[in-house]
């Protein structure tokens, strides 16, 4: 029979940890808890694949395969959304006072993409985006996808050794960053590993330690040896470069790699997970479908995003879900700020809020929490680390987020593999990571990868294969 995997409490051990590939627990305990919580059949609309159930437990589950997978690039999806709802607000950068409709966003993205090609970047080149949440981050994320350039999501907190490791690991040809943010002096950090930048001709850097890096782009201030982002975008407005972009797009495939995300490095040095258009287009589409965003009015589809864009939760769950489902994306602050998140919800009438457990704790504990008008909020996504059941209950009760869902996944799977439905009960949300996502197979099994028979003691290792992901 098809089964309800989400109620297995063992799954909560690694709920939302992007870098975790498995959850371990004694089999006997897993099976006991399966009996305790119950394993109920799913409807055909939830799972359409019948999997045999071993005596007393669970060995395999496959998500619904009826949802059609999308064989399109990120750029194609942006174009389609901009054509369908050109005048709907697409992006609000709260801290930069920037507002763009989908038509305006597409226009700027096309110019930025053409501009990147004009400075010598080509399909398959790697470009690192290194900095906090900003309009420039979203612009570069979508512009690289339009031009077939692979975006490398660089942790904005990286210092010189970590930055050098990341850039060398993937062979970055270009790097985009602001001069500084608070105490993080990006340009000075780069100079520690690339002193040649100060005297380099913009766009023609030759570095001994970073031989692949030839183009450095400054976001907010012209700096020695760098190109200025505004100038790059302006260059893309020329017809010859726009024509080059259109020509390049003829050769893009949805299966091309388009993003490299680094894992957190818990089990060693950070590893680069390479994602394709196909990965992130389909995973973001599934997230939006699970959140039932297509059923929302414009007023109820305004997403406040305080989580970092360099992480999958922000770039796929945020930017890409917005693009795929016509949702207004609201960036509340450069880095997480609970007060700013509440301000954005109040002033922008945010209806959905993303965050990690610690972010939600901070928001709930703001001294002036009760002074903000959060009446528009109805749901959101909590992920990134294990979620205490009492926190789920507090968020739903105090913020009236009845449609809050828990998500769990891995960077490699683009990222979400389990997620609640908005209508799930509070207990289902508090005690599980929801149900398996469409086109995803999960097998808790022994390290030998053989399906276990009933009563065999083993450690459960959750092996996940997402057909929209890896």
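Numbering (UniProt numbering), first residue to last: 1 to 470.
Where a beta carbon is used, it is the ideal one built from N, C-alpha and C, also for glycine.
Check                                                                                                                                                                                              : Outcome
Could you tell me which uninterrupted beta strand (DSSP E) segments, each at least 3 residues in length, are contained entirely in the segment 213-276, listed from first to last along the chain? : 215-218, 257-262, 272-276
Between the segment 60-79 and the segment 295-303, do three or more beta carbon pairs fall short of 8 Å?                                                                                           : no
Alpha carbon to alpha carbon, how far is residue 133 from residue 335? Give it in angstroms, no decimals.                                                                                          : 6 Å
Can you grab the Cα-Cα spacing for the pair residue 152 / residue 81, in whole Å?                                                                                                                  : 25 Å
Once the 5 residues before and after residue 238 are set aside, which same chain residues still bring their CB inside 8 Å of it?                                                                   : 114, 118
Relative to the C-alpha of residue 375, which residue among 155, 354, 398 is closest?                                                                                                              : 398
Going by DSSP, name the residue or residues bridged to residue 407.                                                                                                                                : 419
Under the rule that 16 or more other beta-carbon atoms within 10 Å means buried, what is residue 218, buried or exposed?                                                                           : buried
Given this structure, state the Cα-to-Cα distance separating residue 345 from residue 404, to the nearest angstrom.                                                                                : 15 Å
Assuming residue 89 is part of the beta strand (DSSP E), what are its boundary residues?                                                                                                           : 89-93
Could you tell me the distance, in whole angstroms, from the CA atom of residue 248 to the CA atom of residue 145?                                                                                 : 11 Å
Taking 6 Å as the limit between beta carbons, can you name the residues of its chain near residue 332, skipping five residues before and five after?                                               : 94, 304, 306, 340, 341, 344
Per DSSP, which residues does residue 372 bridge with? Please list them.                                                                                                                           : Answer is none; residue 372 lacks a bridge partner.
Grouping DSSP H, G and I as helix and E and B as strand, with all else coil, what is residue 436?                                                                                                  : strand
Identify every residue that forms a DSSP beta bridge with residue 354.                                                                                                                             : 381
If I measure Cβ to Cβ from residue 378 and keep anything under 6 Å in the same chain, skipping five residues before and after, which residues do I get?                                            : 351, 403
Check the C-beta distance from residue 174 over to residue 215 and give it rounded, since I have them as a contact under 8 Å.                                                                      : 4 Å
CA-CA distance, residue 33 and residue 433?                                                                                                                                                        : For residue 33, the predicted model reports a pLDDT of 33, less than 50, meaning its position is unreliable; a value from the coordinates is still stated below. Computed Cα separation, rounded: 15 Å.
Are the CB atoms of residue 437 and residue 286 nearer to each other than 7 Å?                                                                                                                     : yes
According to DSSP, is residue 346 helix, strand or coil?                                                                                                                                           : helix
Fully enclosed by the segment 63-109, which beta strand (DSSP E) runs are 3 residues long or longer?                                                                                               : 89-93, 98-101
Per DSSP, what kind of secondary structure is residue 320 in: helix, strand or coil?                                                                                                               : helix
Rounded to the nearest angstrom, what separates residue 47 and residue 195 at their Cα positions?                                                                                                  : Here the model assigns residue 47 a pLDDT of 40, short of 50, so the residue's position is not dependable, and the following value carries that caveat. Distance between the alpha carbons of residue 47 and residue 195 is about 56 Å.
Which residue's Cα is closest to the Cα of residue 311: 163, 109, 273?                                                                                                                             : 273
If we call anything under 7 Å between Cβ atoms a contact, is residue 328 one with residue 107?                                                                                                     : no
Taking the beta strand (DSSP E) that residue 126 falls in, what are its first and last residues?                                                                                                   : 126-130
Taking Cβ to Cβ, would you say residue 277 is nearer than 7 Å to residue 258?                                                                                                                      : yes
If you drop the 5 nearest sequence neighbours on each side, which residues of the same chain put their C-beta closer than 8 Å to that of residue 251?                                              : 123, 148
So, does the segment 184-200 touch the segment 91-105, judging by three or more C-beta pairs under 8 Å?                                                                                            : no
What's the gap between the Cα of residue 22 and the Cα of residue 431?                                                                                                                             : Any reading at residue 22 is ruled out, since the residue's pLDDT is 32, under 50, leaving its predicted position unreliable.
Assign residue 440 to one of two classes, buried (16 or more other C-beta atoms within 10 Å of its C-beta) or exposed (fewer than that).                                                           : buried
To the nearest angstrom, report how far apart residue 241 and residue 291 are at their CA atoms.                                                                                                   : 39 Å
Kindly indicate the opening and closing residues of the beta strand (DSSP E) around residue 176.                                                                                                   : 174-177
In the DSSP assignment, the beta strand (DSSP E) including residue 328 goes from what residue to what residue?                                                                                     : 328-331
Just mark residue 315 as buried or exposed, buried being the case when its beta carbon has 16 or more other beta carbons within 10 Å.                                                              : buried
Tell me which same chain residues have a C-beta within less than 8 Å of the C-beta of residue 208, skipping the five on either side of it?                                                         : 196
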